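In our numbering, the protein residues as written are 1 to 270. Every residue gets a Cβ at the ideal spot worked out from N, C-alpha and C, and that includes glycine. Values in this document were obtained by computation on a predicted structure and should not be read as measured data. Working notes for the structure below.
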Amino acid sequence: MTQAKRVLILGGGFAGLSALHTLSGQDLQITLVDQRNYHLFQPLLYQVATGELLGEVIATPFRRLGQGNNWRFHLGEVQRIDLSQRKVCLRNNEILPYDYLLLALGTATNFFGNESITNNALQIKGLEEAEIARSKIFQALENASNCPDPEQRKSWLRFVIAGGGAAGVEFCGALLETLRELLPREYPELHFSEIEIILVHGGEALLPGSRSRQYGRIGTTGCGLPNSRVGKPRCHCLDTLVAIASVSHHWYRKSLAHFAGLVQRLFSSQ
Ligand SMILES: Cc1cc2nc3c(=O)[nH]c(=O)nc-3n(C[C@H](O)[C@H](O)[C@H](O)COP(=O)(O)OP(=O)(O)OC[C@H]3O[C@@H](n4cnc5c(N)ncnc54)[C@H](O)[C@@H]3O)c2cc1C
Numbered sequence: 001m002t003q004a005k006r007v008l009i010l011g012g013g014f015a016g017l018s019a020l021h022t023l024s025g026q027d028l029q030i031t032l033v034d035q036r037n038y039h040l041f042q043p044l045l046y047q048v049a050t051g052e053l054l055g056e057v058i059a060t061p062f063r064r065l066g067q068g069n070n071w072r073f074h075l076g077e078v079q080r081i082d083l084s085q086r087k088v089c090l091r092n093n094e095i096l097p098y099d100y101l102l103l104a105l106g107t108a109t110n111f112f113g114n115e116s117i118t119n120n121a122l123q124i125k126g127l128e129e130a131e132i133a134r135s136k137i138f139q140a141l142e143n144a145s146n147c148p149d150p151e152q153r154k155s156w157l158r159f160v161i162a163g164g165g166a167a168g169v170e171f172c173g174a175l176l177e178t179l180r181e182l183l184p185r186e187y188p189e190l191h192f193s194e195i196e197i198i199l200v201h202g203g204e205a206l207l208p209g210s211r212s213r214q215y216g217r218i219g220t221t222g223c224g225l226p227n228s229r230v231g232k233p234r235c236h237c238l239d240t241l242v243a244i245a246s247v248s249h250h251w252y253r254k255s256l257a258h259f260a261g262l263v264q265r266l267f268s269s270q
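What follows is the structure in structure tokens.
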């Protein structure tokens, strides 16, 4: 009897799980390897960073997915792949042999070579990072609440988001929505109008790659939309980037996929 081929899937994000889903049930011996023991639903990380959701809601342990006859989970950080020997080496020196290898290890954040952002900005790509961001946001609100100096108070209430792609735009909306609902309820000493959120983008148009070109005009004209406010260019520590939009009003509906309408809603009346 021939032995089932050994398949290693490295990474249990959307790509890895999709591969697992496709291959499970076949005559294969599959091992899913990930450095953490849970699948992370990244699209809801904003809600964790803004305190709307608890981290565990978007983290599903791999073992809870129900390991079948032909697949199992292996916790470990991939360090090296030996293609000639068909082996994967983990950080703890474990060696996993394979017949077929699927790489689904995700991506690294692109800072577009901007060292200032690399060194100073918070990232929201993992659960821990989202929780750190949440903690910083709420610490800033606490600091502002206890700050008698108006200028300093303002600076605690100013949030700068780097990158006007889908992630930056959506986080901008999530933060605005959260603060607008949260302040009257939990921070009565702060007023929503004191909040300043600056979305910083290096290109000419928000949502690069979006099919609509209308977003490109926001930087210079405010899109002509009611209640929009375009801020003066601000650089802060961001060197080459120019602030293109200072948003004080928005209407944001939770949506995981419909980025296209988001900017327009962000600048339209509440
Ligand atoms: C904040 C945020 C919001 C997003 N919103 C949306 C959205 O609304 N819609 C949308 O379509 N996309 C969205 N995306 C993008 C989407 O989440 C990613 O495209 C998708 O998660 C990529 O899947 P992946 O499997 O390639 O990588 P990942 O989901 O990153 O999975 C990679 C896996 O590999 C593991 N891994 C990495 N390195 C190692 C190693 N050395 N050893 C072992 N394991 C390792 C990681 O732990 C992880 O589990 C968003 C992304 C972010 C960060």
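Checklist entry - According to DSSP, is residue 23 helix, strand or coil? => result Here residue 23 refers to the residue found at position 23 of the sequence shown. In this structure, residue 23 counts as helix in the three-state DSSP scheme.
Next on the checklist: Taking 7 Å as the cut-off, is the beta-carbon of residue 167 closer than that to any non-hydrogen atom of ligand 1?
Outcome noted: What you label residue 167 is simply residue 167 of the sequence shown in a count that begins at 1. For ligand 1, at least one heavy atom lies less than 7 Å from the Cβ of residue 167.
Item to check | Nearest residue (CA-CA) to residue 25, options 57, 11 and 4 | outcome: Stepping through the sequence shown from its first residue, residue 25 is reached at position 25. The candidate whose alpha carbon is nearest that of residue 25 is 4.
Checklist entry - Does the beta carbon of residue 46 fall short of 7 Å from some heavy atom of ligand 1? => result Your numbering for residue 46 matches position 46 in the sequence shown. Correct: residue 46 has its Cβ closer than 7 Å to ligand 1.
Item to check | Bridge partner(s) assigned by DSSP for residue 99 | outcome: For the purposes of this step, residue 99 is taken as the residue at position 99 of the sequence shown. Answer is none; residue 99 lacks a bridge partner.
Checklist entry - Would the region 132 to 142 and the region 4 to 24 be scored as touching if the rule is three or more Cβ pairs under 8 Å? => result no
Checklist entry - Under the criterion of a Cβ to heavy atom distance below 7 Å, does residue 73 qualify as lining ligand 1? => result Your numbering for residue 73 matches position 73 in the sequence shown. It does not: the Cβ of residue 73 is nowhere closer than 7 Å to a heavy atom of ligand 1.
Item to check | Cα-Cα separation, residue 46 to residue 9 | outcome: In the sequence shown, the residue the question calls residue 46 occupies position 46. In the sequence shown, the residue the question calls residue 9 occupies position 9. Each residue's Cα considered, the two are about 27 Å apart.
Checklist entry - Looking at the unbroken alpha helix (DSSP H) that takes in residue 89, where does it start and where does it end? => result For the purposes of this step, residue 89 is taken as residue 89 along the sequence shown, with counting starting at 1. Looking at the DSSP string, residue 89 is not in any alpha helix (DSSP H); the run it does join, the beta strand (DSSP E), is 87 to 90.
Next on the checklist: Can you tell me which residues form a DSSP beta bridge with residue 171?
Outcome noted: Working through the sequence shown from its first residue, we reach residue 171 at position 171. None, per the DSSP bridge assignment.
Checklist entry - Since residue 5 sits in a beta bridge, which residues does DSSP pair it with? => result Here residue 5 refers to the residue found at position 5 when the sequence shown is read from its first residue. Answer by DSSP bridge pairing, in chain order: 28.
Checklist entry - According to DSSP, is residue 118 helix, strand or coil? => result Residue numbering aside, residue 118 sits at position 118 when the sequence shown is read from its first letter. Helix.
Item to check | Assumed close pair residue 100, residue 145 - CB separation to whole angstroms, cut-off 8 Å | outcome: Within the sequence shown, residue 100 is the residue found at index 100, counting from 1. Within the sequence shown, residue 145 is the residue found at index 145, counting from 1. Incorrect: roughly 56 Å between the Cβ atoms, too far for contact.
Item to check | Closest Cα partner of residue 108 within the set 123, 54 and 116 | outcome: Position 108 of the sequence shown, counted from the start, is the residue given in the question as residue 108. Cα-wise, what sits closest to residue 108 is 123.
Checklist entry - Which one of 177, 143, 200 and 37 has the shortest CA to CA distance from residue 72? => result Residue 72 sits at position 72 when you count from the first residue of the sequence shown. The candidate whose alpha carbon is nearest that of residue 72 is 37.
Checklist entry - Got a sec? Which residues, its chain only, sit under 8 Å from residue 203 by beta carbon, not counting five neighbours each side? => result In the sequence shown, the residue the question calls residue 203 occupies position 203. For residue 203, where only same-chain residues beyond five positions count, the Cβ hits under 8 Å are 164.
Item to check | Cut-off 8 Å between Cβ atoms - residues of its own chain near residue 194, not counting five sequence neighbours on either side | outcome: Position 194 of the sequence shown, counted from the first residue, corresponds to residue 194. So the list reads 144, 153, 154 and 157, once near-sequence residues are dropped.
Next on the checklist: Quick check on DSSP: helix, strand or coil for residue 41?
Outcome noted: Within the sequence shown, the letter at position 41 stands for residue 41. Of the three classes helix, strand and coil, the one that applies to residue 41 here is coil, per DSSP.
Checklist entry - Taking 7 Å as the cut-off, does the CB of residue 160 come closer than this to any heavy atom belonging to ligand 1? => result Locating residue 160 in the sequence shown gives position 160, counting from the first residue. Not so, every heavy atom of ligand 1 lies at least 7 Å from the Cβ.
Item to check | Closest Cα partner of residue 138 within the set 2, 66, 52 and 29 | outcome: Counting from one through the sequence shown, the residue named residue 138 turns up at place 138. Comparing Cα-Cα distances from residue 138 to each of 2, 66, 52 and 29, the minimum goes to 52.
Next on the checklist: Which residue wins for smallest C-alpha separation from residue 160, given the options 198, 190, 129 and 173?
Outcome noted: Numbered from its first residue, the sequence shown carries residue 160 at position 160. If we check each option's Cα against that of residue 160, 198 comes out closest.
Next on the checklist: Quick check: is the beta carbon of residue 83 nearer than 8 Å to any beta carbon in chain C?
Outcome noted: In the structure shown, chain C does not exist; there is a single protein chain.
Checklist entry - residue 6 to residue 88, Cα distance in whole Å? => result Along the sequence shown, one-based indexing puts residue 6 at 6. Along the sequence shown, one-based indexing puts residue 88 at 88. Each residue's Cα considered, the two are about 12 Å apart.
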